[in-house]
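There are 2 protein chains.
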Amino acid sequence: MSQKLNKIFSALADPTRRDILMMLLEDDMAVTDIADPFDISLAAISKHLIILTNAGLISQERHGRVKWCKLDTEATHEAFIWIQSFGKLNPLNLDSFEEFLEKEKLLNRSDLI
Amino acid sequence: MSQKLNKIFSALADPTRRDILMMLLEDDMAVTDIADPFDISLAAISKHLIILTNAGLISQERHGRVKWCKLDTEATHEAFIWIQSFGKLNPLNLDSFEEFLEKEKLLNRSDLI
DNA sequence: CTATTATTCAACTATTTGGTTGAATAAAGT
DNA sequence: ACTTTATTCAACCAAATAGTTGAATAATAG
């Protein structure tokens with residue numbers, strides 16, 4: 001469990017990997033398509049995807065020569081309940097990620113860097 | 114915001130730091146007392162505390178020569194809502210961390226390593 | 001069969017991380 | 001004043017991380 005949380009949180013610690021997860025919120029994607037918007041090599045993206053897979057945050061399935069990546073919410077759930085255990089939190093009932101982003105923009109504008 | 118999440122998640126990625134946070138759930142503590150149960154140097158613990166502070170996960174307040182550390186749930190909250198934005202999660206209503214741990218033991222015993 | 005496309009491997013590099021030790025600072029206790 | 005206690009600083013080290021490039025593998029298309 002500790003090992004698993006290590007992997008989950010260090011996977012989430014990288015902004016490229018968080019971006020990838022957000023892209024996968026919209027739809028499952030192939031490795032090359034995931035790499036497209038980024039300015040780093042395909043090999044680097046491939047490594048990120050392996051890290052996300054080992055953390056259980058995504059799963060990959062090969063179909064022919066294309067490897068499809070999809071979100072796997074189970075690990076996310078695990079991190080979620082770990083954090084929630086700290087209590088004193090206000091769980092939100094957001095219907096969508098867009099709503100979340102909007103609130104972030106309004107509340108934390110100073111913080112965007 | 115991205116910067117802040119980088120710091121929060123990489124702070125949470127280290128098991129020593131997560132242990133420290135769990136200790137602080139019980140009560141505020143001085144640096145030396147936090148270091149006591151660990152097998153690493155006081156200087157190493159001091160560094161961990163600086164990382165937790167920079168991530169906003171704890172706050173430190175000096176009283177005389179003793180520096181008291183306390184949980185700061187705001188940053189935790191931020192990570193929480195980020196993760197929650199992935200949806201498809203089952204927020205739990207745990208009354209205590211003990212209850213959380215018990216469930217973890219029962220459900221994930223295979224996973225303790 | 002050959003070329004193209006999708007993905008990963010291998011070797012390498014620079015930077016970051018988590019640890020060490022010994023010295024430094026700062027506040028209290030005697 | 002001197003000693004002890006609490007914490008951090010500085011310099012160092014080993015291992016991990018995120019990136020690179022070029023070659024390798026594997027499946028599809030022509």
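First to last, the protein sequences are chains A and B. Using our numbering, read the first sequence as starting at 1 and increasing by one per residue. Using our numbering, read the second sequence as starting at 114 and increasing by one per residue. Glycine included, each C-beta is placed from N, C-alpha and C at the ideal position.
Our contact map puts I20/A next to A75/A with C-beta atoms below 8 Å; I'd like the distance itself, whole angstroms only. 14 Å between Cβ atoms; not a contact.
Could you name the residues of chain A that Q173/B contacts, counting a contact when the two beta carbons are closer than 9 Å? None at all; the shortest Cβ gap to chain A is about 18 Å.
Using a Cβ-Cβ cut-off of 7 Å (strictly less than) and excluding sequence neighbours within five positions of S46/A, which residues of its own chain qualify? V31
Under 7 Å, do D36/A and K70/A count as touching if we go by C-beta distance? no
Cβ-Cβ distance between S41/A and P128/B below 7 Å: no
Does the distance from the C-beta atom of D39/A to that of I58/A stay below 7 Å? no
Closest by CA to K67/A, which one among E78/A, F86/A, I34/A? I34/A
Within chain A, the residues that R131/B reaches when beta carbons sit closer than 9 Å: S2, L5, N6, F9, W82
Going by DSSP, which residues form a beta bridge with M29/A? C69/A
Take the Cβ of N190/B as the centre, count every other Cβ of all protein chains shown within 10 Å, and call the residue buried at 16 or more, exposed below. The sequence shown places His at residue 190/B, rather than the Asn named in the question. Buried is the call here.
Counting only Cβ pairs nearer than 9 Å, list the residues of chain A close to T166/B. Ordered by position in chain A, no residue passes the 9 Å Cβ test against T166/B, which lies about 16 Å from the chain.
Taking C-beta pairs closer than 8 Å, name the residues in chain B that T32/A reaches, listed in chain order. Neighbours of T32/A on chain B: none; closest Cβ ~24 Å, over 8 Å.
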